[in-house]
Structure formats: structure tokens, C-alpha cells
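Colleague: Here the sequence shown is numbered in this note's numbering, starting from 2 and rising by one per residue.
C-beta: ideal position from N, C-alpha, C; glycine also.
Note that this is a predicted model, so its numbers are computed, not measured.
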Amino acid sequence: MQSMKVAKILFRLALYSAYFWCLLLFALFQGSEYDWMEPQYRPAISAENSGNREVFRGLLVFVAVILQVVIAFFFSRKEAISTVILFGLIIVFFR
2 MQSMKVAKIL FRLALYSAYF WCLLLFALFQ GSEYDWMEPQ YRPAISAENS
52 GNREVFRGLL VFVAVILQVV IAFFFSRKEA ISTVILFGLI IVFFR
């Protein structure tokens, strides 16, 4: 019985860790890859504008939505609603 409780706690910890890492990486990969540079050092023409950052951010959103569905299925309604609100805030502020 004790091992089942530990397994549930570890499952919840792993799920929430993956969810929060997705949201953190989504927030960190916003904007241009040259945003950290001083304006005088930015290249005039971007070397590669393939949109890899946008693809990666889209993948993170997809994984976060899947994790949200799993959280809603396995955990309480309160936890599911709080993760939806957090997801919405991250999307709005780091779009």
C-alpha cells in the first residue's frame, strides 16, 4: 500500500515537472535569438530565418496541452483548472 502511494506521488511530481518545464521553455524561447545583443551588434540580415524557434514553441504547446489533458483526467478538478489558468497566462504574456 505504501509503494502505491509513493508511485502516485512520483507520477504527479513527474507530470507537473514536465508541464512546468514546457511552460518555462515556452517563455524563454520567445522573440528573436538576437534579442540579447546590443542593437549596434545585431546582424543587419538574419543568417537563418527558418522559424525553428516557432516550431519548437509549437511543440512545447502541444506537449503542454497533452499533459494538461492527463492532469485533468488523473487529478482533481481544482488542479486541472489551475493548470489551464497558468497555461492561459503564459500564452497571453509570452506570445
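Out of curiosity, what's the CA-to-CA distance linking V93 and S77?
Modeller: Walking along the sequence shown from the start, residue 93 turns up at place 92. Walking along the sequence shown from the start, residue 77 turns up at place 76. Near 25 Å, if we compare the C-alpha coordinates of S77 and V93.
Colleague: Which residues bound the alpha helix (DSSP H) around F30?
Modeller: Mapped onto the sequence shown, residue 30 falls at position 29. From DSSP, F30 is part of no alpha helix (DSSP H); its letter is neither H nor E.
Colleague: State yes or no: is the C-beta of A65 within less than 8 Å of the C-beta of I72?
Modeller: In the sequence shown, the residue the question calls residue 65 occupies position 64. In the sequence shown, the residue the question calls residue 72 occupies position 71. For A65 and I72, no; Cβs fall outside 8 Å.
Colleague: Have a look at V62, S4, Q3, F30 and flag the residue whose alpha-carbon is nearest the alpha-carbon of Y20.
Modeller: The residue you call residue 20 lines up with position 19 of the sequence shown. The shortest Cα separation from Y20 among V62, S4, Q3, F30 belongs to V62.
Colleague: Here's the rule I'm using: 16 or more other beta-carbon atoms within 10 Å means buried, otherwise exposed. How should L24 be labelled?
Modeller: By 1-based counting over the sequence shown, the position of residue 24 is 23. Its Cβ being crowded by 16 or more others within 10 Å, L24 is buried.
Colleague: Identify which residue in I10, F27, F88 has its Cα closest to the Cα of E55.
Modeller: Residue numbering aside, residue 55 sits at position 54 when the sequence shown is read from its first letter. Among I10, F27, F88, the Cα nearest to that of E55 is on F27.
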